[in-house]
Amino acid sequence: MKKKIDRRSFFSTLGKGAIITAVASALPTKFISSIDRVSKKEKINIVIHPSAVKRTKKV
50 MKKKIDRRSF FSTLGKGAII TAVASALPTK FISSIDRVSK KEKINIVIHP
100 SAVKRTKKV
């Protein structure tokens, strides 16, 4: 009986570890840290060249 309990304990620990690993790898940590960096930088100014051709949507 003790072996069954040990085996059950082992697999429950292994399962919990797998779930925690999956959740941790699914979190977008790079995305969250990039938001902080972008918000701290200055606003990006975009200048369109005056001789550029305006694009029109063709149907």
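Here the sequence shown is numbered in our numbering, starting from 50 and rising by one per residue. Positions of the beta carbon are idealized from the N, C-alpha and C atoms, including for glycine.
Item checked: R56, DSSP secondary structure in three states -> Residue state, collapsed to three classes: helix.
Note to self: Between the alpha carbons of L76 and T62, how many angstroms are there, rounded?
What the structure shows: 22 Å
Notebook entry, point to check: Where does A101 sit, in a helix, a strand or coil, going by DSSP?
Noted result: A101: coil per DSSP, three-state reduction.
Check: Under a three-way DSSP split, which group does I69 fall into?
Finding: helix
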